[in-house]
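In what follows, a structure is listed as structure tokens, so that the remarks can point back to it.
Protein chains: 2
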Amino acid sequence: MTYCVAAAVDSGIVFASDSRTNAGVDNVAVFRKMHVFEAPGERVVVLLSAGNLASAQGVRSILRQGTLEGRADPAGILGLRSMEDIASLVGETVRKVVSRDGEVLSQQNIDPGCTFIVGGQIGGERPRLFHIYPQGNYIETSRDTSYFQIGETKYGKPIIDRVVQPETPLNDVAKCLLVSFDSTMRSNLSVGLPIDLLGYQADSLRITMTRRYDESDAYVREISRIWSAGLRKAFTEVPDISWS
Amino acid sequence: MTYCVAAAVDSGIVFASDSRTNAGVDNVAVFRKMHVFEAPGERVVVLLSAGNLASAQGVRSILRQGTLEGRADPAGILGLRSMEDIASLVGETVRKVVSRDGEVLSQQNIDPGCTFIVGGQIGGERPRLFHIYPQGNYIETSRDTSYFQIGETKYGKPIIDRVVQPETPLNDVAKCLLVSFDSTMRSNLSVGLPIDLLGYQADSLRITMTRRYDESDAYVREISRIWSAGLRKAFTEVPDISWS
Numbered sequence: 014m015t016y017c018v019a020a021a022v023d024s025g026i027v028f029a030s031d032s033r034t035n036a037g038v039d040n041v042a043v044f045r046k047m048h049v050f051e052a053p054g055e056r057v058v059v060l061l062s063a064g065n066l067a068s069a070q071g072v073r074s075i076l077r078q079g080t081l082e083g084r085a086d087p088a089g090i091l092g093l094r095s096m097e098d099i100a101s102l103v104g105e106t107v108r109k110v111v112s113r114d115g116e117v118l119s120q121q122n123i124d125p126g127c128t129f130i131v132g133g134q135i136g137g138e139r140p141r142l143f144h145i146y147p148q149g150n151y152i153e154t155s156r157d158t159s160y161f162q163i164g165e166t167k168y169g170k171p172i173i174d175r176v177v178q179p180e181t182p183l184n185d186v187a188k189c190l191l192v193s194f195d196s197t198m199r200s201n202l203s204v205g206l207p208i209d210l211l212g213y214q215a216d217s218l219r220i221t222m223t224r225r226y227d228e229s230d231a232y233v234r235e236i237s238r239i240w241s242a243g244l245r246k247a248f249t250e251v252p253d254i255s256w257s
Numbered sequence: 014m015t016y017c018v019a020a021a022v023d024s025g026i027v028f029a030s031d032s033r034t035n036a037g038v039d040n041v042a043v044f045r046k047m048h049v050f051e052a053p054g055e056r057v058v059v060l061l062s063a064g065n066l067a068s069a070q071g072v073r074s075i076l077r078q079g080t081l082e083g084r085a086d087p088a089g090i091l092g093l094r095s096m097e098d099i100a101s102l103v104g105e106t107v108r109k110v111v112s113r114d115g116e117v118l119s120q121q122n123i124d125p126g127c128t129f130i131v132g133g134q135i136g137g138e139r140p141r142l143f144h145i146y147p148q149g150n151y152i153e154t155s156r157d158t159s160y161f162q163i164g165e166t167k168y169g170k171p172i173i174d175r176v177v178q179p180e181t182p183l184n185d186v187a188k189c190l191l192v193s194f195d196s197t198m199r200s201n202l203s204v205g206l207p208i209d210l211l212g213y214q215a216d217s218l219r220i221t222m223t224r225r226y227d228e229s230d231a232y233v234r235e236i237s238r239i240w241s242a243g244l245r246k247a248f249t250e251v252p253d254i255s256w257s
């Protein structure tokens, strides 16, 4: 499984992804699910992926081809003129890969689908965040719903619903996404460290805030401990039941 | 959808179930999913059900037949000698109903499966709690895993994992299950009030603690408000992120 989440607020976008992939519980590996395309001062584009790993890698390989050797293909991620064009390109590429591999995989009851979250900013356009479905169509965040999750989405949703608002500071959003990861990793073993975290400050057009959290990181353990203690304390504040 | 949960602790068992059923979002109805069989001073047996509503009702109808008109069929819920025999009877009945209706439903891509949680106490036996799968087989709680959920299980799981231990008092378990419902109902509209709650005190062999919470109940709204505030407070106690 996988858990990836990104939230767009007034001050920018925060992206987070786990790194565990598995084909059955006895075949677990670490793969980075966050991929960054940057032309400093001009654009930042971040991709998060979930679903069939071969399909997701296939999509990323095709997208990378338009950016190799400093070349900025005008029809590629470093050449297109708007984030919406990039969302559309990712969707088309998903369709291409899924239709290439899908028939053979489906015959063996393997789901060929993959899902992407794509966000960032190009030039004077505002920062934008999209969710690309396995069918290649996509949706964008709004002020009412400012985040997208892919993969194992349920355990980590309640805290985001309660904390993330358009005016929430970027660092609080980042902290909230890590708490959301803690709830998810606690309940689903197939979501695991390291966590890649990236904070994009609106209008900076460059990447300045990134972190990778692995098992040796004291902060991740602290979050888990303090959040558990806080939940138990919050529980004691709920009034007792009266049966009559 | 449905959300039902029951937790067995040293002092007894708490059962909780929602009442919303739906066939598509435009066909929503209220059905009780908690069913109680009681012979005061001799036994208490509680059933919670999820899954295909017709299958679940079919199973309950067959089980009720052995208890009509004060008659205690020796092979029925009021006649069998142990909770494990009752779990086995429920499992067999699930198999019977699913095999009766399953072929026609499966042809139309409708899942005929239903799932039960069955718990209670008979005479001198200790209180016991079982989870019956749609295939009719079943598992029992242990001190390591003392609760079962059926239906929409994910949103409400983290708080139970953090609070419920074998030594947790019965009223705290009941409060925890209601908080778990609050998280679930907030994230999945197909889980809804009223909530049926039943606390069974070990060795009482009768039912003394029951409540039904509907929209007019101030306590349910209080839980939601105080729990949300407590979560946000817990969040502020998590230390801030450092990016470097």
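Residue numbers (the numbering used here), protein chains in the order written: chain A, 14 to 257; chain B, 14 to 257. Using N, Cα and C, we set each Cβ at its ideal position, and we do this for glycine too.
Would you say residue 17/A reaches chain B, if we count a Cβ-Cβ gap shorter than 8 Å as a contact?
Position 4 of the first sequence, counted from the first residue, corresponds to residue 17/A. At a cut-off of 8 Å between beta-carbon atoms, residue 17/A makes no contact with chain B.
To which residues of the same chain is residue 128/A closer than 6 Å at the C-beta, ignoring the five residues directly before and after it?
Here residue 128/A is taken as the residue at index 115 of the first sequence, counted from 1. Cβ neighbours of residue 128/A beyond the five flanking positions: 63, 64, 147 and 163.
In the DSSP assignment, find the unbroken alpha helix (DSSP H) run with residue 116/B in it and report its ends.
Along the second sequence, read from residue 1 onward, the residue named residue 116/B stands at position 103. Looking at the DSSP string, the run of the alpha helix (DSSP H) that includes residue 116/B is 96-120.
Output yes if chain B places a C-beta closer than 8 Å to the C-beta of residue 91/A; else output no.
Counting from one through the first sequence, the residue named residue 91/A turns up at place 78. Residue 91/A does not count as touching chain B.
From residue 75/B to residue 106/B, what distance separates their C-alpha atoms?
As a first step, residue 75/B must be located in the second sequence, where it is residue number 62. As a first step, residue 106/B must be located in the second sequence, where it is residue number 93. About 7 Å.
Residue 110/B to residue 192/B span [Cα, whole Å]
As a working note, residue 110/B is residue 97 in the second sequence. As a working note, residue 192/B is residue 179 in the second sequence. Each residue's alpha carbon lies about 34 Å from the other.
Out of 51/B, 160/B, 101/B and 108/B, state which residue places its alpha-carbon closest to the alpha-carbon of residue 80/B.
Start at 1 with the first residue of the second sequence, and residue 80/B comes out as number 67. Nearest option by C-alpha distance: 51/B.
Which of helix, strand or coil DSSP assigns to residue 297/A:
In the structure as shown, chain A starts at 14 and stops at 257, and residue 297/A therefore has no counterpart that could be examined.
Cα-Cα separation between residue 24/A and residue 121/A, rounded to whole angstroms
Here residue 24/A is taken as the residue at index 11 of the first sequence, counted from 1. Here residue 121/A is taken as the residue at index 108 of the first sequence, counted from 1. Computed Cα separation, rounded: 46 Å.
Distance between residue 213/A and residue 98/A (C-alpha atoms, nearest Å)
Residue mapping note: residue 98/A aligns to position 85 of the first sequence, counting from 1. Residue mapping note: residue 213/A aligns to position 200 of the first sequence, counting from 1. When rounded, the distance between both Cα atoms is 20 Å.
Do residue 209/A and residue 219/A have their CB atoms nearer than 8 Å?
Here residue 209/A refers to the residue found at position 196 of the first sequence. Here residue 219/A refers to the residue found at position 206 of the first sequence. In this structure, the beta-carbon distance from residue 209/A to residue 219/A does not fall below 8 Å.
Which of the residues in the segment 201-225 of chain B, read from start to end, lie with their CB under 9 Å from any CB of chain A?
Against chain A - using a Cβ distance shorter than 9 Å - the residues of the segment 201-225 of chain B are 201, 210, 212, 221, 222, 223 and 224.
Between 103/A, 215/A and 85/A, which lies nearest to residue 70/A when the distance is taken from Cα to Cα?
The count along the first sequence starts at 1 and reaches residue 70/A at position 57. Check the Cα spacing between residue 70/A and each of 103/A, 215/A and 85/A: the tightest is with 103/A.
Residues of the segment 237-254 of chain B whose Cβ lies closer than 7 Å to any Cβ of chain A, in chain order
Listed in sequence order: 239, 240, 241, 243, 244, 245, 246, 247, 248, 250, 251, 252, 253 and 254.
In three-state terms, what does DSSP make of residue 146/A?
Within the first sequence, the letter at position 133 stands for residue 146/A. Residue state, collapsed to three classes: coil.
At the level of alpha carbons, what is the spacing between residue 159/B and residue 20/B?
Looking up residue 159/B in the second sequence gives position 146. Looking up residue 20/B in the second sequence gives position 7. Cα-Cα distance, rounded: 6 Å.
Excluding the 5 residues flanking residue 115/B on each side, which residues of the same chain have their C-beta closer than 6 Å to its C-beta?
Counting from 1 along the second sequence, the entry for residue 115/B is found at position 102. Setting aside the 5 residues that flank it on each side, residue 115/B is surrounded in the same chain by 125, each with a C-beta closer than 6 Å to its C-beta; the list follows chain order.
Are the segment 130-139 of chain A and the segment 173-188 of chain A in contact at 8 Å, needing three or more beta carbon pairs?
Look at the beta carbons and you see the segment 130-139 of chain A not touching the segment 173-188 of chain A: under three pairs across the two are nearer than 8 Å.
With distances taken Cα to Cα, identify the nearest neighbour of residue 176/A among 68/A, 194/A, 230/A and 190/A.
Walking along the first sequence from the start, residue 176/A turns up at place 163. Checked all of 68/A, 194/A, 230/A and 190/A; the closest Cα to residue 176/A is 190/A.
Residue 180/A versus chain B: which residues are under 9 Å apart at the beta carbon?
Working through the first sequence from its first residue, we reach residue 180/A at position 167. Near residue 180/A there are no residues of chain B at all, since even the closest Cβ is about 14 Å away, more than 9 Å.
Under a CB-based cut-off of 8 Å, is residue 234/A close to chain B?
As a working note, residue 234/A is residue 221 in the first sequence. Cβ-Cβ to chain B under 8 Å: no for residue 234/A.
Proximal residues of chain B, C-beta to C-beta of residue 187/A below 7 Å
In the first sequence, the residue the question calls residue 187/A occupies position 174. Within chain B, 254 have C-beta atoms less than 7 Å from the C-beta of residue 187/A, given in sequence order.
Within 10 angstroms of its Cβ, does residue 72/A collect 16 or more other Cβ (buried), or is it exposed?
Taking the first sequence and counting its residues from 1, one reaches residue 72/A at position 59. Under the 10 Å beta carbon count, residue 72/A is surrounded by 16 or more other beta carbons and is classified as buried.
So, at 7 Å on beta carbons, what are the nonlocal neighbours of residue 44/B in its own chain, with the 5 sequence-adjacent residues on each side left out?
As a position in the second sequence, residue 44/B is number 31, starting the count at 1. Beyond the five residues adjoining it in sequence on each side, residue 44/B comes within less than 7 Å, by CB distance, of 32, 34 and 66 in the same chain, given in chain order.
Chain B contacts made by the segment 149-168 of chain A, where a contact means CB separation under 7 Å
Those residues of the segment 149-168 of chain A that come within reach of chain B (Cβ to Cβ, closer than 7 Å) are 167 and 168.
Is any beta-carbon of chain A found at less than 8 Å from that of residue 170/B?
What you label residue 170/B is simply residue 157 of the second sequence in a count that begins at 1. Chain A, which has a Cβ nearer than 8 Å to the Cβ of residue 170/B, makes this yes.
Taking 8 Å as the cut-off, decide whether the C-beta atoms of residue 149/B and residue 59/B are in contact.
Translated into positions along the second sequence, residue 149/B becomes position 136. Translated into positions along the second sequence, residue 59/B becomes position 46. In this structure, residue 59/B does not lie closer than 8 Å to residue 149/B by Cβ.
Would you say residue 196/A lies against chain B (beta-carbon separation less than 8 Å)?
Position 183 of the first sequence, counting from 1, holds the residue named residue 196/A. Residue 196/A belongs to the set of residues whose beta carbon lies under 8 Å from a beta carbon in chain B.
Beta carbon of residue 169/A nearer than 8 Å to that of residue 194/A:
Position 156 of the first sequence, counted from the start, is the residue given in the question as residue 169/A. Position 181 of the first sequence, counted from the start, is the residue given in the question as residue 194/A. Remark: C-beta atoms of residue 169/A and residue 194/A approach each other more closely than 8 Å.
As assigned by DSSP and simplified to three states, the class of residue 178/B:
As a working note, residue 178/B is residue 165 in the second sequence. DSSP places residue 178/B in coil when its eight states are reduced to three.
Compare the C-beta of residue 192/B against all C-beta atoms of chain A and say whether one is closer than 8 Å.
For the purposes of this step, residue 192/B is taken as residue 179 along the second sequence, with counting starting at 1. Answer yes: the Cβ-Cβ gap between residue 192/B and chain A drops below 8 Å somewhere.
In angstroms with no decimal places, state the Cα-to-Cα distance between residue 240/A and residue 250/A.
As a first step, residue 240/A must be located in the first sequence, where it is residue number 227. As a first step, residue 250/A must be located in the first sequence, where it is residue number 237. Going by the C-alpha atoms only, they are around 15 Å apart.
Alpha-carbon to alpha-carbon, residue 113/A and residue 119/A:
The residue labelled residue 119/A in the question sits at position 106 within the first sequence. The residue labelled residue 113/A in the question sits at position 100 within the first sequence. For residue 119/A and residue 113/A, the distance between alpha carbons rounds to 12 Å.
Distance, Cα to Cα, residue 88/B vs residue 94/B?
Numbered from 1 along the second sequence, position 75 holds the residue referred to as residue 88/B. Numbered from 1 along the second sequence, position 81 holds the residue referred to as residue 94/B. CA-CA distance, residue 88/B to residue 94/B, rounds to 9 Å.
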